[in-house]
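According to our numbering, the sequence shown holds residues 297 to 733 in order.
Backbone N, C-alpha and C define an ideal beta-carbon position, used for all residues, glycine too.
Note that the coordinates shown come from a computational prediction; the quantities given were computed from them, not determined experimentally.
Below you'll find the structure, written out as C-alpha cells, and then a few comments.
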Amino acid sequence: MEVATHRTGWPRFSAVLLIALSLFASGLANSSPAQAAPACGVLAGGAAQQANNAVINTCYQIGVPYSWGGGHGPQPGPTLGQCDPNNGAPNDCHVKGLDCSGLVRYGYALALGPDILGSGNTDAQWHSPAVKTHFYSTAQALPGDLLFYSSNNTVAGIHHVAMYLGAGWIVEAANSGELVKVSNLSAHTDFYGGARLFTGRPHYTTTLGIYRGLSSTFSFSNSTTSGHTDGTLTFGAQGDIPVSGDWNADGFTTVGTFRPSTSTFYFDNSNITGNTDGSLAFGQFGDHPVTGDWDCDGSTTVGVYRDSNSTFYFDNSNITSRIDGSLTFGQKGDIPITGDWDGDGCTTVGVYRPSNSTFYFDNSNITAHTDGSITFGATGDVPVTGDWNGDGYTTIGVFRPTTGVFYLCNSNITPHTDITTAFGQQNDTPITGAWNH
C-alpha cells in the first residue's frame, strides 16, 4: 500500500492537464514516438531462479485493476481496496485489485508458496527480513528486484514499489483507474533504492553416498559414475537414520542423523571432523525424517513425515523447534521424498509408493496436489533424489540394497535409467548431496 504522494489523483488532474496542453503545441514538432513496452517477462539474465519465477507470476497480473489498498488481506491476491477521495481513490473500495505493494507481494507468493513479503505496505517491504541486500542505483537491478520510489529521497518518503523486469522496464500497479502494466524506468524520476530478495545460487551436481549403520560411517563419492570413495566420516550412533543438507547455507551438503528414540536431529557442518555442530528435537516417535529448504532462503532445515496421517511437518529453523508448516500428501505406507521438482529454488514434498514403484510430486508445501508422477525402479528399491546433471531440477533415482547399485533418472516425466553406478555394499542406506560442489 502506498502513501498519498505516489498517486496522481483527481484533485491535481486539472492542473496537470493545463500544463500538458500548454506544452503540447510547442513540443509536438520535436517529439518522437514513445518506445513500445515489451511483453511482460524476464528481460535480462543474472537473477536467481526464484526472482525469475516471481517476475513470471507478477506478469500474470497484467490487466488486473489497480485498487488502493488492494492485495493486503490475510492471504496474498486481489482484494477490494479503500475509498479515499483525498488520495485520488474515490471508488477503490468497490474495485477488486492490487496496489503496488500488493502486486509484488502476490507475485512472490505465487512463485514461492510462502508469503515472504507479508501484508505490509511499501515501508514494511523495504524493511522486510526477506530482503537479502539493498542497492541505490538502477544500474545494479536484476529481474525480480523491488524498486522503491521516494518523495523526498529518504526511506520515510517511500511511496511506491515496482518489480524490475530487466532492460530498463518494470511491471507495476501505478494509479487508480489504471491496470497493472509494464512501464519504462523513465516513467518515474524519484527512484530511491532497490531490494533483492534472492541472490543467484549456482546449481551443483548431486553425487552419491551411503551410510553404514553398524559402524555409523558415511562414505562419499564426488561423482555419480565412478563408484569411487572420495571421503568417509563417522558420525552419529547405532540406530540413527542418516540425513543430509546445507545446514549453514555455504553451498556444501554435509551430514546429519535423526535419532528415532528421541526424535532428535544432529548436524555436522563438515564432512571431515565428525563434530556435532547443532541438534534439534523435532517430531515424535515413529516419524520419518525429511530435510529441505522449505522457505527458499538457501539453508536446509528439518522436517518429519508422519505415516499415521500421511502428513509432512516443517521447521524453518534448526535452532528453535516449531512447526512452521504442514501438508498432508500421499497415503499410509508411502516413503517420503523431497526436492526442487520445478527448479524454483524451493524444496517441496513427494512420496514414493513401494507397492507400485511410483514417485508422486507436489510443487507446493501449502496445497496438496499431485503435480507429477513417474514409475521407476523395482520392488525392494530405496528411493533417492538429486540434481544428477546440475540443471537446477531435482529428479529421481533408486538404490538397490541387494546389489549396492544406484539407478538414476534425469527426468521426472520419462522413466529412463541415465546413470547406473555401483557404490557401497549390500544393505547400506543411500544418501545424496553436493559434497564438493
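{"Check": "Could you tell me which residues DSSP pairs with Arg-585 in its beta bridges?", "Outcome": "The sequence shown places Pro at residue 585, rather than the Arg named in the question. Val-600."}
{"Check": "Tell me which residues share the same chain as Leu-339 and place their Cβ nearer than 8 Å to its Cβ, disregarding the 5 neighbours each side in the sequence.", "Outcome": "Pro-439, Leu-461, Gly-462, Ala-463, Trp-465"}
{"Check": "Measure the C-alpha to C-alpha separation of Leu-319 and Ser-613 and round it to an integer number of angstroms.", "Outcome": "Confidence in Leu-319 is poor, its pLDDT being 36 and thus under 50, which makes the residue's placement too unreliable to answer from."}
{"Check": "Would you check whether the ligand NAD has a heavy atom nearer than 7 Å to the C-beta of His-584?", "Outcome": "The ligand NAD is not part of this structure, which contains no ligands at all."}
{"Check": "Where does His-368 fall in DSSP's three states?", "Outcome": "coil"}
{"Check": "Under DSSP, the beta strand (DSSP E) around Trp-465 begins and ends at which residues?", "Outcome": "465 to 468"}
{"Check": "Can you give me the C-alpha to C-alpha distance between Ser-622 and Asp-486, rounded to a whole angstrom?", "Outcome": "43 Å"}
{"Check": "Once the 5 residues before and after Pro-711 are set aside, which same chain residues still bring their CB inside 7 Å of it?", "Outcome": "Ile-670, Thr-671, Phe-672, Cys-705"}
{"Check": "Need the endpoints of the beta strand (DSSP E) that Asn-480 sits in, please.", "Outcome": "477 to 480"}
{"Check": "Assuming Leu-399 and Ala-333 are in contact, meaning their beta carbons sit under 8 Å apart, how far apart are those beta carbons, in whole angstroms?", "Outcome": "At roughly 16 Å, the Cβ-Cβ gap does not stay under 8 Å, so Leu-399 and Ala-333 are not in contact."}
{"Check": "Output the boundary residues of the beta strand (DSSP E) element that contains Ala-718.", "Outcome": "715 to 718"}
{"Check": "Between Thr-666 and Trp-637, what straight-line distance do the alpha-carbon atoms span, to the nearest angstrom?", "Outcome": "12 Å"}
{"Check": "Tyr-609 and Asp-630: beta carbons closer than 8 Å?", "Outcome": "no"}
{"Check": "So, are the CB atoms of Thr-288 and Gly-599 less than 8 Å apart?", "Outcome": "The shown model of the chain, from 297 to 733, leaves out residue 288, and the question about it has no answer."}
{"Check": "Given Arg-555, which residues of its chain have a CB within under 6 Å of its CB, disregarding the five upstream and five downstream residues?", "Outcome": "Asp-536"}
{"Check": "Give me the Cβ distance between Asp-724 and Ile-506, rounded to the nearest whole Å; I'm assuming they're in contact under 8 Å.", "Outcome": "4 Å"}
{"Check": "Within the same chain, show all residues whose beta-carbon is closer than 7 Å to that of Glu-474, passing over the 5 residues directly before and after it, in chain order.", "Outcome": "Tyr-362"}
{"Check": "Check whether the Cβ atoms of Asn-289 and Trp-731 lie closer than 8 Å to each other.", "Outcome": "With the chain represented from 297 up to 733, any question about residue 289 goes unanswered, as that position is not in the structure."}
{"Check": "Between the stretch 387 to 407 and the stretch 351 to 358, do at least 3 Cβ pairs fall closer than 8 Å?", "Outcome": "yes"}
{"Check": "Quick check on the DSSP output: the alpha helix (DSSP H) that includes Val-701 runs from which residue to which?", "Outcome": "Per DSSP, Val-701 belongs to no alpha helix (DSSP H); it is in the beta strand (DSSP E), 701 to 704."}
{"Check": "Which residue's Cα is closest to the Cα of Trp-531: Ala-545, His-499, Ile-568, Thr-624?", "Outcome": "It should be pointed out that residue 531 corresponds to Phe in this sequence rather than to Trp. Among Ala-545, His-499, Ile-568, Thr-624, the Cα nearest to that of Phe-531 is on Ile-568."}
{"Check": "Going by C-alpha to C-alpha distance, which of His-456, Ala-344, Ser-472, Trp-364 sits closest to Ala-437?", "Outcome": "Ala-344"}
{"Check": "For the beta strand (DSSP E) containing Leu-394, list its first residue and its last residue.", "Outcome": "Here Leu-394 belongs to no beta strand (DSSP E), and DSSP marks it neither H nor E."}
{"Check": "Between Asp-746 and Thr-434, what straight-line distance do the alpha-carbon atoms span, to the nearest angstrom?", "Outcome": "Given that the chain is displayed from residue 297 to residue 733, the structure contains no residue 746 and the question cannot be resolved."}
{"Check": "Excluding the 5 residues flanking Phe-516 on each side, which residues of the same chain have their C-beta closer than 6 Å to its C-beta?", "Outcome": "Gly-505, Asp-526, Gly-527, Trp-731"}
{"Check": "State the Cα-Cα distance for the pair Ala-718 and Arg-618, rounded to the nearest angstrom.", "Outcome": "39 Å"}
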